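Numbering (this note's numbering), first residue to last: 62 to 337. Following: one structure in structure tokens, then a few remarks.
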């Protein structure tokens, strides 16, 4: 789950929705795993320049510290992620979201046969950035490849080049259909979302309808009155069943959320001319 908009208590984002991300950690409906108990993380922008992160290897539904923090954090941009490992260790450094400078990043999906590709992919990371890699996941390596290709200057282009590099290196190793992803990344002011798979249907991803439109559709819901007019959500699964509230991000699409508005564009990976 990613939130952008008017400042709001984290508790309203993490615990109050009917099918909140905490509920999804136990009862996911659309992903390959119904239980996501291999740790969790939240990241948020507050008083400092860089975002803060809180991560744990405990299941999200069973962490009392998260519950305490959620009632005290007020933010205008937050990420929350519950993890089901695809083969890497259950440890704090492998929990999302990942952070570098002002940037947050989280990813659902996988790089197919990552351990066969890992050396080539890691060697493509900018040597200046390499020491900041803390964990062992494909998700974090994809983040640092995007940083290598200029994420702060051109997020869509950087992610397109990172994915193109993964697909090119996988092709050299004889690995088909290597990328399955939904990604969210942010710099504190804007939020980007990506949905793509090399072949087949990508993981689910939805973005919310404008609050004013939802209030007109559902004047009976008190919860909507708690949200400011710029509040927007990007989620793997709808937070509640509410007619008109959720829009599925089309396949091979990226979007940017800024100042309460969405822009959607086609996403096409860029294959490198000379991959390492």
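The beta carbon of each residue, even a glycine, is placed where N, CA and C say it ideally should be. Predicted, not measured: the structure shown is a model, and the values here were computed from it.
By Cβ distance, which residues of its chain are closer than 8 Å to residue 160, with the 5 residues on each side in sequence left out?
Cβ neighbours of residue 160 beyond the five flanking positions: 104, 111, 112, 114 and 166.
By a C-beta neighbour count over all protein chains shown, 10 Å radius and 16 as the cutoff for buried, is residue 247 buried or exposed?
Around the Cβ of residue 247, a 10 Å sphere holds 16 or more other Cβ atoms; the residue is buried.
Could you spell out where the alpha helix (DSSP H) holding residue 187 opens and where it closes?
Segment: none, residue 187 is in no alpha helix (DSSP H) and carries neither H nor E.
Looking at C-beta atoms only, is the number of pairs between the segment 123-131 and the segment 171-187 that lie closer than 8 Å three or more?
The segment 123-131 makes no contact with the segment 171-187; the number of CB pairs closer than 8 Å stays below 3.
Would you mind working out which of 146, 297, 317 and 303 sits nearest residue 84, comparing C-alpha positions?
Nearest Cα to residue 84 within the set 146, 297, 317 and 303: 297.
Got a sec, what are the start and stop residues for the alpha helix (DSSP H) residue 217 sits in?
Where residue 217 is concerned, the enclosing alpha helix (DSSP H) stretches over 216-233.
When you compare the segment 133-151 with the segment 225-240, are there three or more beta-carbon pairs, one atom per stretch, that lie closer than 8 Å?
In short, these stretches do not touch, since the Cβ pair count stays below three.
Does the pairing of the segment 90-108 with the segment 133-142 give three or more beta-carbon distances under 8 Å?
Yes, the segment 90-108 is in contact with the segment 133-142.
Which residues mark the beginning and the end of the alpha helix (DSSP H) in which residue 87 is found?
Looking at the DSSP string, the run of the alpha helix (DSSP H) that includes residue 87 is 82-88.
Could you please give me the residues that DSSP links to residue 284 through a beta bridge?
Looking at the DSSP assignment, residue 284 forms no beta bridge with any residue, so it has no partner.
From this set, 141, 69 and 221, which residue's C-alpha is nearest residue 169's C-alpha?
Checked all of 141, 69 and 221; the closest Cα to residue 169 is 141.
Quick one: residues in its chain with C-beta nearer than 8 Å to the C-beta of residue 194, no 5 flanking neighbours on either side, listed in chain order?
If we look at residue 194 and ignore the five residues flanking it on each side, its Cβ neighbours are 183, 186, 201, 202 and 205.
Are there three or more Cβ pairs, one per stretch, closer than 8 Å when the segment 118-126 is compared with the segment 80-98?
Taking a cut-off of 8 Å for Cβ pairs, the segment 118-126 and the segment 80-98 touch, as three or more such pairs fall below it.
Check this for me: beta carbons of residue 345 and residue 225, under 8 Å apart or not?
Outside the shown range of the chain (62 to 337) lies residue 345, about which nothing can therefore be said.
Taking the beta strand (DSSP E) that residue 67 belongs to, which residues open and close that run?
Start and end: 63-70.
With 16 other Cβ atoms within 10 Å as the buried cut-off, status of residue 176
With a 10 Å radius around the Cβ and a threshold of 16 neighbouring Cβ atoms, residue 176 comes out exposed.
Any chance the CB of residue 180 is under 7 Å from a heavy atom of the ligand NAP?
The model depicted lacks the ligand NAP and carries no ligand whatsoever.
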